[in-house]
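As structure tokens, the structure follows; a few thoughts come after it.
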Amino acid sequence: MPSNDLRLLALDGGGVRGLSALMILEQLMEAVNPDAPPKPCDYFDMIGGTSTGGLIAVMLGRLRMSVAECIIAYLSLSDRVFRKTRHRVTVKGKVQGRFDAEELAQAVKEVVKQQGLPEAVLLKDAPEAGCRVFVCATSKETSETVCLTSYRTPRGNSDLLNSVTIWEACRATSAATTFFDPIAVGRFGEEFVDGATGANNPVREVWDQAQLVWGPEPLEGKVKCLVSIGTGLPSLKPFKDDVFNIGETLVAIATETEATAERFRREKALLDSTGRYYRFNVVRGLEDIGLEEAKKVKEMAAATRRYISSQEVHKQMQACAGSIAGREYFGNYQVVFSLEGVPRAHQFVDRPAEMAELERVLMPRPGQSQRQKMHVLHGLGGMGKTQLAVEFARRHHRRFSSVFWLDGRSVDTLKRSIASCASRIAQGQAPKTSTGYTADSSADVDAVVKDVMAWLARPDNTAWLLIFDNVDREYKAQGGDPDAYDVKRYLSGADHGSVLVTTRLARLEQLGDSQQLGKVSKEQGQAIFESWYKERHAEGEQLLTLLDGLPLAIAQAGAYLQESGVGLTTYLRFYEHQWRKLMESNHLADAPLQDYPDRSVWMTWAISYQAIRDKHEATANLLLLWSFLDNRDLWHGLFAAACRNSTIAASLLSAWIGDIASSELDFGQAMQLLRNYSLVEKVAETTSYATHPVVHRWAHHSHGKCFAIELSQLAVVTVGSAVPHSSTRDYFTLQRRLLPHVQACSRRIVKSRADWWLIINKGNDRDLDNDEKEKAVLTAIHLLGLLYADQGKLGEAEQMYERALRGYEEALGPTHTSTLDTVNNLGNLYADQGKLGEAEQMYERALRGKEEALGPTHTSTLDTVNNLGNLYKNQGKLGEAEQMYERALRGKEEAVGPTHTSTLQTVNNLGILYKNQGKLGKLGEAEQMYERALRGKEEALGPTHTSTLDTVNNLGNLYKNQGKLGEAEQMYERALRGKEEALGPTHTSTLDTVNNLGALYADQGKLGEAEQMYERALRGYEEALGEGGVQRYMPALNTLENVGNLYAAQRETAKAHAMYARALPGLHGVCGQSSDRYISLAAKIDALSISQSRREGKKGARFSIRKLARNMF
């Protein structure tokens, strides 16, 4: 905000006669610019008002309404509010407001909402707001005038600033006791009455507020113009609240407003004598119109017009308008403003922060250096750069001698744009051969451009603005794009004027000040959408989420919906399944988006993409490969891991993106090239990059689909090869980071109608045979399933395993070791899902095949032996489980050594088995197994690895069985902390430990804490697995039984019975009806029934377990 060029506006109170003040102000704005009267907020730095004037000040300054809009709103408000005609007097002689204060509040709220703001929005405005606003109110407690402001001042009340809403401020300034009830605002409920009781003419308050804001130096030298407008009738003097003093107050009406005006004129004689203070107030014709007489609009209008048309007032108004318009350029180089042929939004949605930055850099400031000011506005195509530049030019063109809009799409269009400006230059300031230039003339364009540059370079022609729009072709001094050019060559060579460049080329930010234009906010996106599409629909938010704040895409969608009438639901279906066809339809000649000539989502990035491909083909290919991955997080480590883990992945990536995959330096350079064209952006404080979701879709549909099979396979191989094994440190963190890319790949696999992963094209990878590539794709799909399984996403894992198995069986045969690995992992998955019968079939098939193909002592064979041990243990076949574990342990100790993580996992499993066998000697052996496994895992994997934490959890189980409850609690708490951090609070492994901790609390007698743990575990299992999964997952069944035990201990028999009855069918399916677990739980249900019948004294009331079983099965 300039501090030596201030325009201030003070508005008197006066009830319905505020219309007169508005008519005067309307005439004043027309005098400033008859063709396009400006908004007062664009010219005045501060507007202050009292009562009626306060309402107007808020509408004009805080809500940024035009005078015409304000008059319409004011007439409606006056007619609505001033209806009641009788005083309301209480038995104590207190006067209640003659009019309905709630009606006034509601009317103001509706005006606020009509301006696109929430009804409860604060009076407080953004710090960068160009127009500051305040209203005067009188404190009922102190009778002092209080200014409720839209801005912070050194002596201001931050409590009121941060709490008073627009409607409350309007009520407070209007709360004259005889008209409206007082209002309490702020945290402390301060009561306020009409500001007119202390400052009906707020000119002094305006001066004092301006001094606070732009001080501490005296204000006289900083004010360009102070305008004070009255309402034609003096204000009321301060009055008391009771009815017996009302008559005395009304009789005491005097010339307060004009007396204040006269005192101020005498005190600030310098302002008056130098033509910087203006007072307007209708002298005759409004005396007989009461403050509440809303019906006398015609009389008010006639009296005000007579006043304005008088010669003396007209002369004064012209002088005032000249002072207000002092910010405009007046000089020899003034050029008529024109945006002919320039694309502009039919309804611009404001972007205040971005506009403020343009204003900060480019606006002429008195006393500033005359050096050239340059601002580069760069960002993704379709982000609204052109529209923001157009709006800046429309708002502020009067501040510049000339505004020349230049089409920067190519050197030819640029030259012709510059040459076309010559005809607007005043005669005599440039050669006639140039000022007579027309687009179809035979004049030498270069010569005309040279003459325009010379005119811009004149030493006294310093206030122009050049806007270079769409400078999107990268210039190289030698070679390169023939349509590109060096912007600096067209800046006239003079060190003055202002230059705005809009571009997608981030590198141009080196030219001067710059800002990257990002996506619009949710609210701004909604406003853009509604400016095109007039119907409201619940699914609008879903569409805006997909378009993610990209203005061009939002406008295009809204225009299509409005014109086609297809409806949002249908559009969303098109967007998901027919994206290319939908987007292509919008660049046809008769497409609805006519405010963006030659622009659509389909076409807007084509030039940038081609320029990238011309510069570096591998980088363009990377963008296409990325379109088959997730758009939010691409980092070099993904490619590095894939290349490190798979030579086939490395070869395939090299054939497609060259050294970008293997070299972090090349990857960085590729990303920099994409960033130069604003197609990607760096994720803050990371080494990762992201691309806009609409650009992501565009790359996929415009170019990626031409290589759909090859790129789908490459994406799967890349991501699958990067999946870390669970035996590596910090594997879970990397798996979680990979998960969005895994989901992108697997969605394509699941949705595909054909097994594209089996369609192998030779392509560019000449060093690979088809069998190798086919196997690499299938292995990658298998690894996607492995990651899903580790992440607890069992349904998705099953889909990947089944597709990998089908592919392996078809390509490699049913007995190939890769096929058998997938069979083994499907067994693991079925076991985790509680499908123990299916799991056993998978394990037995895998074991037979591996023993035949690899031999009985191969580590892969032993892994399946170990898994069969797990299965037998869960089925309660502890003898068979022990045999499997002991065989696996002997083989692994011999094959990979006693400290290998695979060996240690079997040691851990043997510990669990010994613990489950429950014999005293076995518990000691279990402890030895656990301690050996824990030491080895801590050394090999680290203390926070999930496998280490599993053993910690198991040690807790053992200590609990041994009665070492303190040690058990320590183990469980350590395991839970680690798992919550590594796996998350809802992973099934975390929930297993939660259940165990609940059981421990129950043993300790902490029944409340136990119930909390059980409820958390059960809720988590239900969310993760569903009811069907709970019935098949042994830990979840354990929790159900544990909850039943807890209720039974608390003698809540019905609840206990419900939990037991829910667990019983699950145990029947998992363990079988003859298993010890099933028989034990059935006995508990019988015992509950006997106990309940005894308490109720009823014979024969025993609930038969056989009946329960018949009902369930």
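All the letters of the sequence shown, read from the start, carry residue numbers 1 to 1113 under the UniProt record's numbering.
Heads up, the beta-carbon is just placed ideally off N, CA and C, and yes, glycines get one too.
Remember, it's a predicted structure, so these values are computed and weren't measured experimentally.
Asked: Which residue or residues does DSSP assign as beta-bridge partners of LYS682?; Found: TYR689
Asked: Below 8 Å, can you find three or more Cβ-Cβ pairs linking the segment 1027 to 1041 to the segment 831 to 850?; Found: yes
Asked: Using a Cβ-Cβ cutoff of less than 8 Å, which residues in the same chain neighbour SER1091 once the five nearest sequence positions on both sides are dropped?; Found: THR1053
Asked: Taking the straight line between their C-alpha atoms, what separation do you get for ARG1062 and GLY1044?; Found: 10 Å
Asked: Could you tell me how far apart the beta carbons of LEU673 and LEU380 are, in whole angstroms, since I believe they sit closer than 8 Å?; Found: Actually they do not touch by this definition, with Cβ atoms about 15 Å apart.
Asked: Would you mind working out which of PRO1035, ASP1003, SER78, LEU1007 sits nearest LEU1018, comparing C-alpha positions?; Found: PRO1035
Asked: Where ALA650 and TYR689 are concerned, what is the direct C-alpha to C-alpha distance, given to the nearest angstrom?; Found: 21 Å
Asked: Given a cut-off of 8 Å, decide if SER608 and ASP483 are closer than it, judged by their beta-carbon atoms.; Found: no
Asked: Can you find the residues in the same chain that come closer than 8 Å, C-beta to C-beta, to ASP159, ignoring five residues on each side of it along the sequence?; Found: GLY186, ARG187, PHE188
Asked: Assess, as a yes-or-no matter, whether the segment 216 to 230 is touched by the segment 17 to 31 under the definition of 3 or more beta carbon pairs within less than 8 Å.; Found: yes
Asked: How far does the beta strand (DSSP E) with MET374 in it extend, from its first residue to its last?; Found: 373 to 378
Asked: Looking at the unbroken beta strand (DSSP E) that takes in LEU226, where does it start and where does it end?; Found: 223 to 229
Asked: Return yes when the Cβ of LEU406 is within less than 8 Å of the Cβ of ILE425, no when it is not.; Found: no
Asked: Note down the Cα distance separating THR647 from VAL717, rounded to an integer number of angstroms.; Found: 11 Å
Asked: Rounding to the nearest angstrom, what Cα-Cα distance links GLN917 and HIS725 in this structure?; Found: 32 Å
Asked: With a threshold of 8 Å on Cβ separation, who are the neighbours of ASP790 within its own chain once the five nearest residues in sequence on each side are excluded?; Found: SER726, TYR731, PHE732, GLN735
Asked: Going by beta carbon distance, what residues of the same chain come within less than 8 Å of MET971, once the five residues before and after it are set aside?; Found: VAL952, ASN953, LEU955, GLY956, TYR959
Asked: Just the Cα atoms here: how many angstroms apart are CYS147 and THR386?; Found: 40 Å
Asked: Whose C-beta lies closer than 6 Å to the C-beta of LYS762 among residues of the same chain, with five residues either side of it excluded?; Found: Unreliable placement is indicated for LYS762, whose pLDDT of 45 sits below 50; the coordinate value is still reported in the next sentence. Around LYS762: no qualifying Cβ.
Asked: Do you know offhand how far LEU878's Cα is from LEU923's?; Found: 14 Å
Asked: Is ALA999 helix, strand or coil when you go by DSSP?; Found: helix
Asked: Relative to the C-alpha of LYS1055, which candidate in ASN1042, ASN1038, LYS296 has its C-alpha closest?; Found: ASN1042
Asked: Can you list the beta strand (DSSP E) stretches of 3 or more residues lying completely in the segment 462 to 531, in chain order?; Found: 465 to 469, 498 to 503, 513 to 516
Asked: For THR993 and GLY720, I'd like the C-alpha separation in whole angstroms.; Found: 30 Å
Asked: Inspect the beta-carbon positions of ALA31 and GLN318 and report whether they are closer than 8 Å.; Found: yes
Asked: On the criterion of 16 or more Cβ atoms from any shown chain inside 10 Å, does residue 1116 qualify as buried, or is it exposed?; Found: It is not possible to answer for residue 1116, since the shown part of the chain is limited to 1 through 1113.
Asked: Which residue comes first and which comes last in the beta strand (DSSP E) that contains ILE47?; Found: 46 to 50
Asked: Taking only three categories from DSSP, how would you classify THR145?; Found: strand
Asked: Quick one: is THR691 buried, meaning 16 or more other Cβ sit within 10 Å of its Cβ, or exposed?; Found: buried
Asked: Return the chain-ordered list of same chain residues with a C-beta closer than 7 Å to the C-beta of GLY382, the five sequence neighbours on each side being excluded.; Found: LEU550, PRO551, LEU552, ALA553, VAL601, THR604
Asked: Return the residue from the list CYS421, ARG360, VAL342 that minimises the CA-CA distance to ARG394.; Found: VAL342
Asked: Roughly how many angstroms separate the alpha carbons of ILE166 and LEU122, rounded to a whole number?; Found: 6 Å
Asked: ALA325 and VAL206 - do their beta-carbons sit closer together than 8 Å?; Found: no
Asked: Put THR386 into one of helix, strand or coil per three-state DSSP.; Found: helix
Asked: Would you kindly report the start and end of the unbroken alpha helix (DSSP H) that includes ILE660?; Found: Counting along the chain, ILE660 falls outside any alpha helix (DSSP H), and DSSP gives it neither H nor E.
Asked: Excluding the 5 residues preceding and the 5 following LEU561 in the sequence, name in chain order all residues of the same chain whose CB lies nearer than 7 Å to its CB.; Found: TYR533, LEU568, TYR571
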